[in-house]
Amino acid sequence: MTTATTTEAQAAPVRVVLLLGSNVDADIHLDAAVDQLRREFTLVASSSRHPSAASGIDGAPPYLNQAVLIEFDGSRDRLKPRLRAIEARLGRVRPSPDPRLCPIDIDAIGRCDAEAEVWDEKAYAANYARQPLAELGKFCTLP
C-alpha cells in the first residue's frame, strides 16, 4: 500500500508597504518597530522619518512617520495579526487609555509587486504618508 503525501504550496513572497507612526518617544518606538519587523520579515527598504501633526485628535502631540517595505510570504489576513502583535510588544494598547497618545502604529498600506494594490486608501492618501511613501518609490510603485 502506498500513501500519497501532499505538501501545501508555499506562497511566493510579496512586497508589502507598511506605514509606521509614533507620537510617544517616537524615535525609540520606531527603532524598536523596525528592529521587530527585520526579525520577522525580510526588510527591503525604509524611508527616513518625517514629522506630521496628529490628524483628527485635538491636543495630541505630533507624530514621526516612516515607510517600510517588507517581503511577506502569506496572505493579507495573516499579516495584520502579526503587525498587531508587534504593536502590543512595543506598548500599544487597544483601545487606548489616552487616544491622544500612540507609542506605535503599523499599517499595511498595500501590496507592491506585479499585482500592486492599495489596501488602506485612507492612510495611503493622507498627507502624513506622502513623503515617507515617496522615498520608497524607487523600490515600489502603488497604483
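Under the working numbering, the first residue of the sequence shown carries the number 5, and numbering increases by one thereafter. From the three backbone atoms N, C-alpha and C, an ideal C-beta is built for every residue, glycine too.
*asked:* Tell me the DSSP secondary structure of T11 in three-state form.
replied: In the sequence shown, the residue the question calls residue 11 occupies position 7. At T11, the pLDDT of 37 sits below 50, so the modelled position is not reliable; the number obtained from the coordinates is stated separately. Residue state, collapsed to three classes: coil.
*Distance, S79 Cα to M5 Cα*: Taking the first residue of the sequence shown as position 1, residue 5 is located at position 1. Taking the first residue of the sequence shown as position 1, residue 79 is located at position 75. Its pLDDT being 46, under 50, M5 is placed unreliably in this model, and the value from its coordinates should be taken loosely. Computed Cα separation, rounded: 37 Å.
*P17 (DSSP reduced to helix, strand or coil)*: Start at 1 with the first residue of the sequence shown, and residue 17 comes out as number 13. If DSSP states are grouped into helix, strand and coil, P17 belongs with coil.
*When the distance is taken between beta carbons, is N27 closer than 8 Å to A58?*
As a first step, residue 58 is located in the sequence shown; it is residue number 54 there, counting from the start. As a first step, residue 27 is located in the sequence shown; it is residue number 23 there, counting from the start. In this structure, N27 lies closer than 8 Å to A58 by Cβ.
*In the structure shown, what three-state DSSP assignment does V38 receive?*
Position 34 of the sequence shown, counting from 1, holds the residue named residue 38. It is helical.
_Paired residues, beta bridge with P55 - DSSP_ = By 1-based counting over the sequence shown, the position of residue 55 is 51. DSSP lists L68 as partners of P55.
*CB-CB under 6 Å to Q40, same chain, minus the five flanking residues each way: which ones, in chain order?*
Locating residue 40 in the sequence shown gives position 36, counting from the first residue. The answer, listed in chain order, is I90.
_Continuous alpha helix (DSSP H) stretch holding L137: start and end_ = Working through the sequence shown from its first residue, we reach residue 137 at position 133. Note, L137: alpha helix (DSSP H), N131 to E139.
*What does DSSP give as the partner residues of I110 in its beta bridges?*
As a working mapping, residue 110 is identified with position 106 in the sequence shown. Per DSSP, L24.
*At which residues does the alpha helix (DSSP H) containing L87 begin and terminate?*
Along the sequence shown, read from residue 1 onward, the residue named residue 87 stands at position 83. Residues R80 to R93.
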